[in-house]
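Asks: Chains as they are written, first to last, in my numbering: chain S, -15 to 143; chain B, -15 to 143; chain H, -15 to 143; chain G, -15 to 143; chain Y, -15 to 143; chain E, -15 to 143; chain V, -15 to 143; chain C, -15 to 143. I'd like to ask you about the structure that follows.
Protein chains: 8
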Amino acid sequence: MPDVTSNGTGWQVYLSGEIHTDWRERISSGAVAAGLDVTFHAPVTDHAASDDAGVTILGGEERAFWKDHVGAGVNALRTRTLIERADIVVVRFGDQYKQWNAAFDAGYAAALGKSIITLHPEQHDHALKEVDRAALAVAREPEQVVELLRYVLQGTLTN
Amino acid sequence: MPDVTSNGTGWQVYLSGEIHTDWRERISSGAVAAGLDVTFHAPVTDHAASDDAGVTILGGEERAFWKDHVGAGVNALRTRTLIERADIVVVRFGDQYKQWNAAFDAGYAAALGKSIITLHPEQHDHALKEVDRAALAVAREPEQVVELLRYVLQGTLTN
Amino acid sequence: MPDVTSNGTGWQVYLSGEIHTDWRERISSGAVAAGLDVTFHAPVTDHAASDDAGVTILGGEERAFWKDHVGAGVNALRTRTLIERADIVVVRFGDQYKQWNAAFDAGYAAALGKSIITLHPEQHDHALKEVDRAALAVAREPEQVVELLRYVLQGTLTN
Amino acid sequence: MPDVTSNGTGWQVYLSGEIHTDWRERISSGAVAAGLDVTFHAPVTDHAASDDAGVTILGGEERAFWKDHVGAGVNALRTRTLIERADIVVVRFGDQYKQWNAAFDAGYAAALGKSIITLHPEQHDHALKEVDRAALAVAREPEQVVELLRYVLQGTLTN
Amino acid sequence: MPDVTSNGTGWQVYLSGEIHTDWRERISSGAVAAGLDVTFHAPVTDHAASDDAGVTILGGEERAFWKDHVGAGVNALRTRTLIERADIVVVRFGDQYKQWNAAFDAGYAAALGKSIITLHPEQHDHALKEVDRAALAVAREPEQVVELLRYVLQGTLTN
Amino acid sequence: MPDVTSNGTGWQVYLSGEIHTDWRERISSGAVAAGLDVTFHAPVTDHAASDDAGVTILGGEERAFWKDHVGAGVNALRTRTLIERADIVVVRFGDQYKQWNAAFDAGYAAALGKSIITLHPEQHDHALKEVDRAALAVAREPEQVVELLRYVLQGTLTN
Amino acid sequence: MPDVTSNGTGWQVYLSGEIHTDWRERISSGAVAAGLDVTFHAPVTDHAASDDAGVTILGGEERAFWKDHVGAGVNALRTRTLIERADIVVVRFGDQYKQWNAAFDAGYAAALGKSIITLHPEQHDHALKEVDRAALAVAREPEQVVELLRYVLQGTLTN
Amino acid sequence: MPDVTSNGTGWQVYLSGEIHTDWRERISSGAVAAGLDVTFHAPVTDHAASDDAGVTILGGEERAFWKDHVGAGVNALRTRTLIERADIVVVRFGDQYKQWNAAFDAGYAAALGKSIITLHPEQHDHALKEVDRAALAVAREPEQVVELLRYVLQGTLTN
């Protein structure tokens, strides 16, 4: 007999934001351990490659502004498509840096009607209140994101 | 020679609403018996898990309102995506409870242009008239939903 | 000098739901007292007229089901357009009745991306958690809705 | 004879972001001086009112997280509608603070297909490269935004 | 005190279909008599002008097919915009002719989510069942359309 | 080396309209002979089943109007989804009957931005001019539709 | 009695393309002479201002590519909004230059579902066949565009 | 452990524009050499077949205008679907010809929100500034497009 609450399949999850800690790996390894049928996507997380991609491929720029502009265009070729394919967008804010691209991704995902999970420490709660308000869940640790995905796909709680 | 009225394939059906009777199982087992290529989706139908998912994963809340709010967000991670994937949304109203989430799902599905089948006893006809008006079919028994799906996919009537 | 935080103008607010108390009048008179440039819309709140509109205009039906069906179609001519025109949809749930049309309107408005305010007593909090989760504000009294509109349009708090 | 390049009329411009300097006033007074038919909109820029609006109107919250959550919902009632009405969204990033809501607004506006002008000092260029890439113009001073609007509406350059 | 169930204003109604009887005049004069704030739109109802518009303005065609093609393009300049502006589309099927353009308009309006009223004699019920199913009301006489509009705008029944 | 003009794959074609001749079979057998990777979809073409589906599954109706209404709803469960999945919609008008559902499908498909091919004898040219104007090709014989599909997928002409 | 085929009001027409002849003036003066209620919009047609707007307002660029890029962004602030507001987009191709921006506007307008009129001499017919195919009318002279607008708004032919 | 920055899969790339050089083959062979999971699509690049497809299949036309019109319709059956399926649209402008269809495709893709890469020599920079402004990358050589795709899918730079 078919189980109408059976494990979900084919979920696409985009992991946006901070690139200096191992949060993406903690989520993906947790999902593997839980046997979830999720495909994770992310921006290019090699900081140097991400910054240099534009000028390396398309030719150098004297002004830093245009180097960044060309690079941001090339990276957007990847990120826009992956966000649009996603069922769920996880947006991580770390301790450091401005991370405006993460907040931009959150706004972009919100206007597309994507389900959003934010992931950040409490210290950012006040500054992120508009972003969190647009999210369906606010997590503190990557393992909570794994649990959320496990519940969403499998429909059961572990404890 | 290809049969242009051959069995439909890959239909996605979301089963929204009442969680206290076996109507989902009756539909899915009927669909299996009929050999239909339909994938059924549903919200988490374990009432306790559904109520507790938010605070269990994301941390306890003192106020019941926020416990519900966190839980509803977590469940929406699942239901919104599945409704958006659906070709047909079946919305079941049982004898008891307010079941406002079922009516909410029906309105949500209607605005997305989804095909809707409602499933409820006659006693609710007057109260559900706006919901039924937005549906393409109003069924009384799960077996009628199976027959509808069989007709939609196979194009034949059993008698 | 133009005041970029000046009073908002031309806001359209749809008042959905319960028709047995004076909540719409309390909101509209409060908005007048506050000098707000808001136009309020509502379904037909004359219960008998709403029930009879279909058969009175288009011809009688023997079965109650079809009387309701015809009536719901006629009323939808009004409500769909007004919800689609609205900037904000206020959905009121009273003490009695199933009020599934209110929840349906909320779901419809949510899928259209409308801003939603729900208005209901605490006793319905658990049953309305999915609807409240899709709202930007949950109010208990009509006067709070007036205050919300005043803040949204004028940008100031009274106390 | 009608002038097909005559002054534009009825443009709606939303001014998002930093609330601690007089940039909005500089833009609006410049637009008045230039005789532009532009209506400016903005979030509530009274910081205290913005933070307190939720709990003042809807009732206090013990946890700061929920106070922020309620407040962000109330403010979103205003900002979402105004961004959706806008032809052009100007997003200002100042020297201080995280300003994630500004970047969120930019992403939201981008996904809606709005025309975006960013306004920020060069020091933020690298951190804002994704946001700037989604903009049609990057300005440094409010007076440049006035010139942009004057050119867009009147089609002439002053020098 | 504002009356939240006050007369509706600014409704746009498109009158599609049959051009050989006075049904449009009966609706518009009835609406005037009822004091409704409705603007009616219609295709060009001068049959000869409608057929000749294309070749008269853009140059003659030898083949009848291309004369029709050019003419249909010119008429679509008018009808598409007016249907897209409409809140309600009334589609009239008369006794004669194929009237495929009326059914096409109905399908076009349905996919745009417009509210549809059909107007036709009973003899066409079976052939129009798919069109009627997409309508919110099926009327037999123009005066019923007036009554529908009066109810939709004023919220009261005359008898 | 990949061939960027290689055979197209996975095209979905909906065959709408007349059900009394073998045009669908001629198209599908032609497509098989040409080795095209096309999946054809169609409404239920068993006239009796199509008419009776509603009342057979959901219960009898005394009035013919409601029998048709229920039946049209059930058939729409199939047709709407299949039209929305289609890349190309072929709409066939035969010699007889009103065939308003075919014209309705064409309008529906046009508003969704689907590519349309019409298929009809010259005698209907004038009556179908609005429908043909919304089409990308007007064919006279099913074999021309096969040739169109072959060209669209394979990019070559046979003579 | 209201005239349901009365003169249309409030039509917005965007005049895209060639800037070296007086075609826009011929259309607008013709529309005035005909008493049409049309508002015409256009890009900035002062070639030097259009080229220099970006660097004049936002600061000089050494590379011509970036000067053009900045200028195109500033001009897009105007053109995108005006195209989106338009009911009809007229695209003019003159004798000279590449005029790729005109073809780009036509593609942009087509994907938005705007009604398109092209205006060009016969010599460009073959090169413009894809653009013309997306148009509802192909005119040779500005006066024909005036006649088209007159017919669309007034519903009568002059000869 | 799953690699969240693993190679992208299933990317669809449409190659629009010039048909007289081997740029499509250089891109596709480069993508094969790089092991990219990309499917390339293109218009029919056999110039004669493309010009003749309409009249060959649907019947001859005396006027060249209608021959082109019919042909453009048939080709649009292919190109519209493939552009709508694309994640990335590459638009190539060569040395010769008007190439208005390439610019039209770019505008069409831009309005659909597709990611665009333009590919053209510097000599066209000024004439293509509006098209380039809507692109995320401007390449000079096909091999740069391969590098862009490799970076987008694999997230690494070769040098």
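Idealized CB from N, CA, C, for every residue including glycine.
Answer yes or no: does any C-beta atom of chain S fall closer than 8 Å to that of B/Ala123?
Replies: Taking the first residue of the second sequence as position 1, residue 123 of chain B is located at position 139. For B/Ala123, the answer is no, since every Cβ of chain S falls outside 8 Å of its Cβ.
Asks: Who does C/Trp(-5) pair with in a DSSP beta bridge?
Replies: Here residue -5 of chain C corresponds to residue number 11 of the eighth sequence, with the count starting at 1. C/Trp(-5) is bridged by DSSP to C/Val22.
Asks: What residues in the segment 36 to 50 of chain H bring their beta carbon closer than 9 Å to a beta carbon of chain Y?
Replies: Asp36, Ala37, Gly38, Thr40, Ile41, Leu42, Gly43
Asks: Under 8 Å by Cβ, that's how I've got H/Ile41 and Y/Leu132 pegged, so tell me the actual separation to the nearest angstrom.
Replies: The residue labelled residue 41 of chain H in the question sits at position 57 within the third sequence. The residue labelled residue 132 of chain Y in the question sits at position 148 within the fifth sequence. 6 Å between Cβ atoms; contact.
Asks: Check distances from the C-beta atoms of the segment 58 to 89 of chain C to those of chain E and list, in chain order, the residues that come in under 9 Å.
Replies: Val58, Asn59, Ala60, Leu61, Arg62, Arg64, Thr65, Leu66, Glu68, Arg69
Asks: Can you list the residues of chain Y that E/His53 reaches, using a CB-CB cut of under 8 Å?
Replies: In the sixth sequence, the residue the question calls residue 53 of chain E occupies position 69. Those are Lys113, Asp116, Arg117, listed as they occur along chain Y.
Asks: Of the choices Y/Leu103, Y/Glu127, Y/Thr140, Y/Gly139, whose alpha-carbon is the least far from that of Y/Ala17?
Replies: Residue mapping note: residue 17 of chain Y aligns to position 33 of the fifth sequence, counting from 1. For Y/Ala17, the nearest C-alpha among the options comes from Y/Glu127.
Asks: Would you say the segment 0 to 11 of chain E touches the segment 49 to 66 of chain Y, given that touching needs at least three Cβ pairs under 8 Å?
Replies: no
Asks: Show which residues of chain B have a CB atom less than 8 Å away from the CB atom of H/Tyr92.
Replies: Counting from 1 along the third sequence, the entry for residue 92 of chain H is found at position 108. Ordered by position in chain B, the residues that pass the 8 Å Cβ test against H/Tyr92 are Gly91, Tyr92, Ala94, Ala95.
Asks: Using a C-beta cutoff of 8 Å, does C/Thr142 count as contacting chain E?
Replies: Taking the first residue of the eighth sequence as 1, we reach residue 142 of chain C at position 158. No, no contact with chain E.
Asks: Taking buried to mean at least 16 other C-beta atoms within 10 Å of its own C-beta, is S/Ala48 buried or exposed?
Replies: Here residue 48 of chain S refers to the residue found at position 64 of the first sequence. By the neighbour-count rule (16 or more Cβ atoms within 10 Å), S/Ala48 is not buried but exposed.
Asks: Within 10 angstroms of its Cβ, does Y/Gly1 collect 16 or more other Cβ (buried), or is it exposed?
Replies: Here residue 1 of chain Y refers to the residue found at position 17 of the fifth sequence. So Y/Gly1 ends up on the buried side.
Asks: Helix, strand or coil: how does DSSP classify B/Gly1 here?
Replies: If you number the second sequence from 1, residue 1 of chain B lands on position 17. It is a strand residue.
Asks: Going by beta carbon distance, what residues of the same chain come within less than 6 Å of C/Thr23, once the five residues before and after it are set aside?
Replies: Taking the eighth sequence and counting its residues from 1, the one referred to as residue 23 of chain C is at position 39. These residues qualify, in order along the chain: Gln(-4).
Asks: Between Y/Ala56 and chain E, is the shortest Cβ-Cβ distance under 8 Å, so that the two count as touching?
Replies: Locating residue 56 of chain Y in the fifth sequence gives position 72, counting from the first residue. So yes, Y/Ala56 belongs to the interface.
Asks: Is it buried or exposed, S/Gln83, if we count other Cβ atoms within 10 angstroms and call 16 or more buried?
Replies: Stepping through the first sequence from its first residue, residue 83 of chain S is reached at position 99. Answer is buried; the Cβ neighbour count reaches 16.
Asks: E/Pro27: buried (16+ other C-beta within 10 angstroms of its C-beta) or exposed?
Replies: Indexing the sixth sequence from 1 puts residue 27 of chain E at position 43. With 16 or more other Cβ atoms within 10 Å, it is buried.
Asks: What residues are listed by DSSP as bridge partners for C/Ile41?
Replies: Looking up residue 41 of chain C in the eighth sequence gives position 57. As computed with DSSP, C/Ile41 is found in no beta bridge at all.
Asks: Just to confirm, are H/Ala70 and H/Ala94 a CB contact at a threshold of 8 Å?
Replies: The sequence position of residue 70 of chain H within the third sequence is 86, counting from 1. The sequence position of residue 94 of chain H within the third sequence is 110, counting from 1. No, they are not a contact pair.
Asks: Report yes if the C-beta distance between S/Ile72 and S/Ser99 is below 8 Å; otherwise report no.
Replies: Position 88 of the first sequence, counted from the first residue, corresponds to residue 72 of chain S. Position 115 of the first sequence, counted from the first residue, corresponds to residue 99 of chain S. In this structure, S/Ile72 sits near S/Ser99, with a CB-CB distance shorter than 8 Å.
Asks: Note down, in chain order, every chain G residue with its Cβ under 8 Å from the Cβ of H/Leu(-1).
Replies: In the third sequence, the residue the question calls residue -1 of chain H occupies position 15. In chain order: nothing, as chain G lies at least about 15 Å away.
Asks: If I measure Cβ to Cβ from E/Pro(-14) and keep anything under 8 Å in the same chain, skipping five residues before and after, which residues do I get?
Replies: If you number the sixth sequence from 1, residue -14 of chain E lands on position 2. Note that E/Pro(-14) scores a pLDDT of 44, beneath 50, so its modelled location is shaky; the value from the coordinates is reported in the next line. Excluding positions up to five away in sequence, the list is empty.
Asks: Along chain V, which residues have their Cβ under 8 Å away from the Cβ of C/Asp109?
Replies: For the purposes of this step, residue 109 of chain C is taken as the residue at position 125 of the eighth sequence. Chain V residues near C/Asp109: Ala48, Phe49, Asp52.
Asks: With E/Leu141 as the anchor, note down where its beta strand (DSSP E) starts and where it stops.
Replies: Within the sixth sequence, the letter at position 157 stands for residue 141 of chain E. Segment: none, E/Leu141 is in no beta strand (DSSP E) and carries neither H nor E.
Asks: Would S/Met(-15) pass as an interface residue toward chain V - the criterion being a Cβ-Cβ separation below 8 Å?
Replies: Here residue -15 of chain S refers to the residue found at position 1 of the first sequence. Below a pLDDT of 50, predicted positions are generally treated as unreliable, and S/Met(-15), at 36, falls in that range; the measurement from the model is reported next regardless. No, S/Met(-15) lies away from the interface with chain V (no Cβ there is under 8 Å from its Cβ).
Asks: For a cutoff of 8 Å on Cβ pairs, would you count E/Leu20 as touching chain C?
Replies: Within the sixth sequence, residue 20 of chain E is the residue found at index 36, counting from 1. No - not a single Cβ of chain C is within 8 Å of the one on E/Leu20.
Asks: Thinking C-beta only, is G/Lys51 closer than 8 Å to G/Gly38?
Replies: One-based indexing of the fourth sequence puts residue 38 of chain G at position 54. One-based indexing of the fourth sequence puts residue 51 of chain G at position 67. Cβ distance < 8 Å, so G/Gly38 and G/Lys51 count as in contact.
Asks: Secondary structure at C/Arg64, three-state DSSP: helix, strand or coil?
Replies: Working through the eighth sequence from its first residue, we reach residue 64 of chain C at position 80. Three-state result, C/Arg64: helix.
Asks: In angstroms, rounded to a whole number, what distance separates the CA positions of E/His108 and Y/Ala111?
Replies: Taking the first residue of the sixth sequence as 1, we reach residue 108 of chain E at position 124. Taking the first residue of the fifth sequence as 1, we reach residue 111 of chain Y at position 127. For E/His108 and Y/Ala111, the distance between alpha carbons rounds to 18 Å.
Asks: Report buried or exposed for Y/Lys114, applying the criterion of at least 16 other Cβ atoms within 10 angstroms of its Cβ.
Replies: Translated into the one-based positions of the fifth sequence, residue 114 of chain Y becomes position 130. Reading the sequence as shown, one finds Glu at residue 114 of chain Y and not Lys. Y/Glu114 is buried by the Cβ-count criterion.
Asks: Would you mind telling me which residues of chain V sit closer than 8 Å to G/Ser99, beta carbon to beta carbon, in chain order?
Replies: What you label residue 99 of chain G is simply residue 115 of the fourth sequence in a count that begins at 1. Near G/Ser99 (Cβ distances below 8 Å), the residues of chain V are Ala60, Leu61, Arg64, Thr65.
Asks: Measuring only between beta-carbons, confirm whether S/Val28 sits less than 8 Å from chain C.
Replies: Walking along the first sequence from the start, residue 28 of chain S turns up at place 44. S/Val28 counts as touching chain C.
Asks: Which whole-angstrom value describes the C-beta separation of G/Leu120 and V/Ala60, a residue pair presumed to lie in contact below a C-beta threshold of 8 Å?
Replies: Numbered from 1 along the fourth sequence, position 136 holds the residue referred to as residue 120 of chain G. Numbered from 1 along the seventh sequence, position 76 holds the residue referred to as residue 60 of chain V. Yes, G/Leu120 and V/Ala60 are in contact; Cβ-Cβ is about 5 Å, under 8 Å.
Asks: Contact criterion: CB-CB distance below 8 Å. Does B/Leu120 meet it with respect to chain E?
Replies: By one-based count along the second sequence, residue 120 of chain B stands at place 136. True, the Cβ-Cβ gap to chain E drops below 8 Å.
Asks: Would you kindly check if the distance between the Cβ of H/Gly91 and the Cβ of B/Ala87 is under 8 Å?
Replies: Taking the first residue of the second sequence as 1, we reach residue 87 of chain B at position 103. Taking the first residue of the third sequence as 1, we reach residue 91 of chain H at position 107. Taking 8 Å as the Cβ cut-off, B/Ala87 and H/Gly91 qualify as a contacting pair.
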